[in-house]
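**Student:** Here it is, the structure in full.
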Amino acid sequence: MPISANRERATLRGPVVLLLALPALLFALITWQVAADGPLVRLDERLSRVLVNPDRCSELLADLGNIPVAVPVLAVALGYVAVRHRRAGADRWWLPVAAAALLMALVPALVVPLKELTARPGTPAVPPGTGYYPSGHTATAVVAYGSATLLLLPWLRTALARRALITLCAALVLGASYGLVRRGYHWPLDVVGSWCLCAVLLGSLWLFLRRTTAPEGRSR
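Set out below in structure tokens:
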């Protein structure tokens, strides 16, 4: 009914602002500071000196953001969800999967120009060069694991299973982020900037997926 739809839109207005506008503003602020070499960058560099301690563990955690690791996880989720949607006889069953795949493809299209625009040097732990902001590995991890989670959640029947999946996703993203900073591959702000950018991307995907038909039978 139109009234119910209007009421739902009004209820979602506040969360949508937090979901999209707040991380977008934070990303703009961080990007401005990085491009202008502002005071936030000085704080970031001091924090990095405290956190960096390259070791085998941080190397392995950083690898969670590699394309050969993260993207296959998303691909498996895409295949599973596509099959479930098709077996359920959903109209345009391919649409949620296509949206998530497009979002993953959008990551380098956004990150690479930003790297060239900001031209931020790397930490002392990496060879001299520029293009470290925002972190592409962090963005890959957030979008791959986050999109897989958003696609799979409606198909999990229990609240415990859904909480477990969200916890696993958060652990993978935080593990990759910690590894990148600890290993010295990225400054902390490189990682936080990617979080903010990807929060907007995943928030947009979540809003899009809400328009698709969710499977029935989930327990609350």
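At position 157 of the sequence shown the residue is numbered 156 (numbering that gives the first Met the number 0), and the sequence of numbers has no breaks.
Every residue gets a Cβ at the ideal spot worked out from N, C-alpha and C, and that includes glycine.
Helix, strand or coil for T129 per DSSP?
**Tutor:** On the sequence shown, position 130 is the one that residue 129 refers to. The answer is strand: DSSP assigns T129 an E or B state.
**Student:** Less than 7 Å separating the beta-carbons of R182 and A61?
**Tutor:** On the sequence shown, residue 182 is found 183 positions in, with the first residue counted as 1. On the sequence shown, residue 61 is found 62 positions in, with the first residue counted as 1. In this structure, A61 lies closer than 7 Å to R182 by Cβ.
**Student:** Can you tell me which residues form a DSSP beta bridge with P120?
**Tutor:** Position 121 of the sequence shown, counting from 1, holds the residue named residue 120. Per DSSP, T129.
**Student:** Given this structure, state the Cα-to-Cα distance separating A4 from A35, to the nearest angstrom.
**Tutor:** For the purposes of this step, residue 4 is taken as the residue at position 5 of the sequence shown. For the purposes of this step, residue 35 is taken as the residue at position 36 of the sequence shown. Note that A4 has pLDDT 46, beneath the 50 cutoff, so the model's placement of it is unreliable and no number is given.
**Student:** Specify the secondary structure class of G64 as computed by DSSP and reduced to three states.
**Tutor:** Counted from its first residue, the sequence shown places residue 64 at position 65. Helix.
**Student:** Hey, would you say H136 sits closer than 7 Å to G64, going by beta carbons?
**Tutor:** Stepping through the sequence shown from its first residue, residue 136 is reached at position 137. Stepping through the sequence shown from its first residue, residue 64 is reached at position 65. Yes.
**Student:** Can you tell me the Cα-Cα spacing of A27 and P67, whole angstroms?
**Tutor:** Here residue 27 refers to the residue found at position 28 of the sequence shown. Here residue 67 refers to the residue found at position 68 of the sequence shown. Looking at the two C-alpha atoms, the distance is approximately 30 Å.
**Student:** From D43 to T166, what distance separates their C-alpha atoms?
**Tutor:** The residue you call residue 43 lines up with position 44 of the sequence shown. The residue you call residue 166 lines up with position 167 of the sequence shown. If you take the alpha carbons of D43 and T166, they lie about 27 Å apart.
**Student:** Excluding the five sequence neighbours on either side, which residues of its own chain have a C-beta within less than 8 Å of the C-beta of L59, listed in chain order?
**Tutor:** In the sequence shown, the residue the question calls residue 59 occupies position 60. Once the five neighbours on either side are set aside, the close Cβ partners of L59 are G178.
**Student:** In whole angstroms, what is the alpha-carbon distance linking V96 and L113?
**Tutor:** Here residue 96 corresponds to residue number 97 of the sequence shown, with the count starting at 1. Here residue 113 corresponds to residue number 114 of the sequence shown, with the count starting at 1. Rounded to the nearest angstrom, the two C-alpha atoms are 27 Å apart.
**Student:** What did DSSP end up calling T148 once you bin it into helix, strand or coil?
**Tutor:** If you number the sequence shown from 1, residue 148 lands on position 149. Reduced to three states, the DSSP call for T148 is helix.
**Student:** Taking L196 as the reference, which of V141, L164, F207, A175 has the closest Cα?
**Tutor:** In the sequence shown, counting from the first residue as 1, residue 196 sits at position 197. Comparing Cα-Cα distances from L196 to each of V141, L164, F207, A175, the minimum goes to V141.
**Student:** Whole alpha helix (DSSP H) runs in the stretch 180 to 217 with 4 or more residues, listed along the chain?
**Tutor:** Segments of the alpha helix (DSSP H) lying fully in the stretch 180 to 217: 187 to 208.
**Student:** In its own chain, which residues sit with a C-beta less than 8 Å from the C-beta of L150, not counting the 5 before and 5 after it?
**Tutor:** By one-based count along the sequence shown, residue 150 stands at place 151. So the list reads A76, L77, V80, P95, V96, A99, L208, once near-sequence residues are dropped.
**Student:** Let's see if you can read the secondary structure: which residues bound the alpha helix (DSSP H) around V49?
**Tutor:** Locating residue 49 in the sequence shown gives position 50, where the first residue counts as 1. 38 to 50 is the extent of the alpha helix (DSSP H) around V49.
**Student:** Spatial neighbours of T211 within its chain, please: C-beta separation below 6 Å, excluding the five flanking residues on both sides.
**Tutor:** Indexing the sequence shown from 1 puts residue 211 at position 212. P95.
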